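Position in the sequence shown counted from 1, then plus 907, gives you the working numbering.
By construction, the Cβ of each residue, glycine as well, lies at the ideal position given by its N, Cα and C atoms.
The model shown is predicted, which means the values in this text are computed figures rather than measured ones.
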Amino acid sequence: MSRVMRDSMGPASLFSGTNDVTRRRVRFATFAWLPVGAALGMSLLGISAISLTRPELAARQGIFLFVGILAAVLATIPHPRMLRVACWVLCALVLGLLVFVLVPFAPASLVTPRNGARAWIALGAFDLQPSELAKIVFILCLSQWLSIRASPRSLRSLIVPALLFIVPVALIVLEPDLGSALLFGPTLFAILVVAGARLVHLSTIIALAVCLIPLGYFAALKPYQQARIDAIVAQVRGDTRFENDIGFQGWRAMRLVGSGGVFGNEESHARALVKLNALPEEHNDMVFAVVCCRYGMLGGGLVWLLMAIYAAGALLVAASARDGFSKLVAVGIGSILFAQTFVNTGMTIGVLPITGVTLPFVSYGGSSLVASWIMTGILLAIGMHRVGSGEKDRFDE
């Protein structure tokens, strides 16, 4: 080696390659892999449950899973700071879609009511549900607004967060999709708590909302929604009056859950039980009952274990994030999917009214699965870009 070459290779040159490798290793060493692994486990469990009675839909769900994972990978490419800029554009786009499905003169080929709800836009082989995208945009916009301001310590500082909450929720309720709308509440609460809102203010708002429940029951709910609440109250009391009408789905779901016992049933026996039970939406909203029938309490417990891992991973990502926006987004993603799992499993086992909420990663449906994987990709992006960002928000001060 010539002297010129030796002189040109100082210590920085010798170790630059090693430093690059170390940076890459540190970048990929993130808690966000916990949600990724949990999401994959729940997705595969869902395909297994769907294939029990709907093998053709299980194949489509496999395609949706591929698209969802691809969307998650694409979500990791941009730096999270790009979402801070793009979130308001995405908000306008999603609000436009939510309004579009409500327009009476929207083409029937694009917007066709299902089960009385105008919640989907037909795009050929894929149906888009704007409310699923609204969950993501709500988390991003709320986190961005709170991160660029000091902690919301006054009631006045909660006005904009309240508007960001009310507008999409009102549009979703008008579809009507009360179940999806209810998920925004616990998500808002979790993000505000982490952002530093006073618990006394949040408690006051919650107490006011609870006091308005009777008024909402009579003034805002439609007769069939009131009947569902009446059915769940009767169900908890052991009253079978609604077993063959409005409470039909709930009773069938509970029986299917109980038929699985602790360890579940063989595939052929479980398939026969599901078919004989004639449970509506067994591949979608009620897929948790199928999981319990096939794999027993162990299968149902596995779903909750995986979701607990997912939520814990999201909190760990939030704890390791360097900026307020990323912290709040991670908390929001973990809380909304955890709340969704709680509501879905609760209505399946008969402790909550049936609201049409899907089980994240498990229920059949392209919009729900892809949206959940996009949120998982955002978590991974936050985890991978946490090192060396050096960003600070007023939220962090």
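Residue span of the alpha helix (DSSP H) that contains isoleucine 1240, given as start and end: If you number the sequence shown from 1, residue 1240 lands on position 333. Looking at the DSSP string, the run of the alpha helix (DSSP H) that includes isoleucine 1240 is 1231 to 1255.
Inter-residue spacing [alpha-carbon to alpha-carbon] between glycine 1220 and alanine 1015: Looking up residue 1220 in the sequence shown gives position 313. Looking up residue 1015 in the sequence shown gives position 108. Cα-Cα distance, rounded: 42 Å.
Minimum C-alpha distance to serine 1061 - residue among Pro1267, Leu1213, Leu1099, His986: The residue given as residue 1061 occupies position 154 in the sequence shown. It is Leu1099 whose Cα lies nearest to the Cα of serine 1061.
8 Å Cβ cutoff met for threonine 1283 and alanine 936: In the sequence shown, residue 1283 corresponds to position 376, counting from 1. In the sequence shown, residue 936 corresponds to position 29, counting from 1. No. Outside cutoff.
Other residues of its chain near leucine 1109: CB distance less than 8 Å, five sequence neighbours each side excluded: Here residue 1109 refers to the residue found at position 202 of the sequence shown. Closer than 8 Å at the Cβ level, and outside the excluded window around leucine 1109, lie Phe1096, Leu1099, Val1100.
CA-to-CA distance, cysteine 994 to alanine 919, given in whole angstroms: For this step, residue 919 is matched to residue 12 along the sequence shown. For this step, residue 994 is matched to residue 87 along the sequence shown. Here alanine 919 scores only 47 on pLDDT, less than 50, and its place in the model should not be relied on; the value that follows carries that caveat. Roughly 40 Å separates the two Cα atoms.
Burial state of isoleucine 1289, where buried means 16 or more other Cβ atoms lie within 10 Å: The count along the sequence shown starts at 1 and reaches residue 1289 at position 382. It is buried - the Cβ of isoleucine 1289 has at least 16 other Cβ atoms within 10 Å.
Simplified DSSP assignment, three categories, for valine 1033: Position 126 of the sequence shown, counting from 1, holds the residue named residue 1033. What sits at residue 1033 in the sequence shown is phenylalanine, not valine. Residue state, collapsed to three classes: strand.
Where arginine 1021 sits in the DSSP three-state scheme: Reading the sequence shown from its first residue, position 114 is the one you call residue 1021. Looking at arginine 1021 - three-state DSSP - the assignment turns out to be strand.
Under the three-state DSSP convention, the category isoleucine 1028 falls into: Taking the sequence shown and counting its residues from 1, the one referred to as residue 1028 is at position 121. Looking at isoleucine 1028 - three-state DSSP - the assignment turns out to be strand.
Rounded straight-line distance, which links the Cα of glycine 1257 to that of phenylalanine 938: Here the question's residue 938 lines up with position 31 in the sequence shown. Here the question's residue 1257 lines up with position 350 in the sequence shown. Their Cα atoms are separated by approximately 34 Å.
Three-state class that DSSP yields for glycine 1263 in the structure shown: For the purposes of this step, residue 1263 is taken as residue 356 along the sequence shown, with counting starting at 1. DSSP places glycine 1263 in coil when its eight states are reduced to three.
Cβ-based burial, valine 975 [other Cβ within 10 Å; buried from 16]: The residue given as residue 975 occupies position 68 in the sequence shown. Sequence inspection shows glycine at residue 975; the valine mentioned does not correspond to that position. Around the Cβ of glycine 975, a 10 Å sphere holds 16 or more other Cβ atoms; the residue is buried.
Cβ contact (3+ pairs, closer than 8 Å) linking the segment 1181 to 1189 and the segment 1155 to 1164: yes
Coil, strand or helix - lysine 1129 by DSSP: Against the sequence shown, residue 1129 aligns to sequence position 222. In the structure shown, lysine 1129 sits in coil (DSSP, three-state: anything other than H, G, I, E or B).
Other residues of its chain near serine 1242: CB distance less than 7 Å, five sequence neighbours each side excluded: On the sequence shown, position 335 is the one that residue 1242 refers to. Within its own chain, the residues whose Cβ lies closer than 7 Å to the Cβ of serine 1242, once the five positions on either side in sequence are excluded, are Pro1093, Thr1094, Ala1097, listed in chain order.
C-beta atoms of valine 1140 and alanine 956 nearer than 8 Å: Residue mapping note: residue 1140 aligns to position 233 of the sequence shown, counting from 1. Residue mapping note: residue 956 aligns to position 49 of the sequence shown, counting from 1. The Cβ-Cβ distance between valine 1140 and alanine 956 does not fall below 8 Å.
Tyrosine 1271 (DSSP reduced to helix, strand or coil): Here residue 1271 refers to the residue found at position 364 when the sequence shown is read from its first residue. The answer is coil: DSSP assigns tyrosine 1271 none of H, G, I, E or B.
Within 8 Å, strictly: CB atoms of valine 1250 and leucine 1259: To locate residue 1250, count along the sequence shown from 1; it is residue 343. To locate residue 1259, count along the sequence shown from 1; it is residue 352. Between valine 1250 and leucine 1259, the CB-CB gap stays under 8 Å.
Beta-carbon spacing of leucine 1040, alanine 1278 below 8 Å: Against the sequence shown, residue 1040 aligns to sequence position 133. Against the sequence shown, residue 1278 aligns to sequence position 371. Yes, they are a contact pair.
C-beta contact flag for isoleucine 1240 and alanine 982 at 8 Å: Locating residue 1240 in the sequence shown gives position 333, where the first residue counts as 1. Locating residue 982 in the sequence shown gives position 75, where the first residue counts as 1. In this structure, alanine 982 does not lie closer than 8 Å to isoleucine 1240 by Cβ.
Buried versus exposed call for glycine 1263 [16 or more other C-beta atoms within 10 Å across all chains shown]: The residue you call residue 1263 lines up with position 356 of the sequence shown. Glycine 1263 is buried by the Cβ-count criterion.
CA nearest to the CA of histidine 986, picked from Ser1233, Ser1275, Ser1274: In the sequence shown, the residue the question calls residue 986 occupies position 79. If we check each option's Cα against that of histidine 986, Ser1233 comes out closest.
Backbone secondary structure at leucine 1040 - three-state DSSP: Position 133 of the sequence shown, counted from the first residue, corresponds to residue 1040. The answer is helix: DSSP assigns leucine 1040 an H, G or I state.
Other residues of its chain near leucine 972: CB distance less than 6 Å, five sequence neighbours each side excluded: Position 65 of the sequence shown, counted from the first residue, corresponds to residue 972. Hits under 6 Å: Ser950.
Where the alpha helix (DSSP H) containing methionine 949 begins and where it ends: Taking the sequence shown and counting its residues from 1, one reaches residue 949 at position 42. Its alpha helix (DSSP H) spans residues 940 to 957.
Boundaries (first-last residue) of the alpha helix (DSSP H) holding methionine 989: The count along the sequence shown starts at 1 and reaches residue 989 at position 82. Counting along the chain, the alpha helix (DSSP H) containing methionine 989 begins and ends at 987 to 1007.
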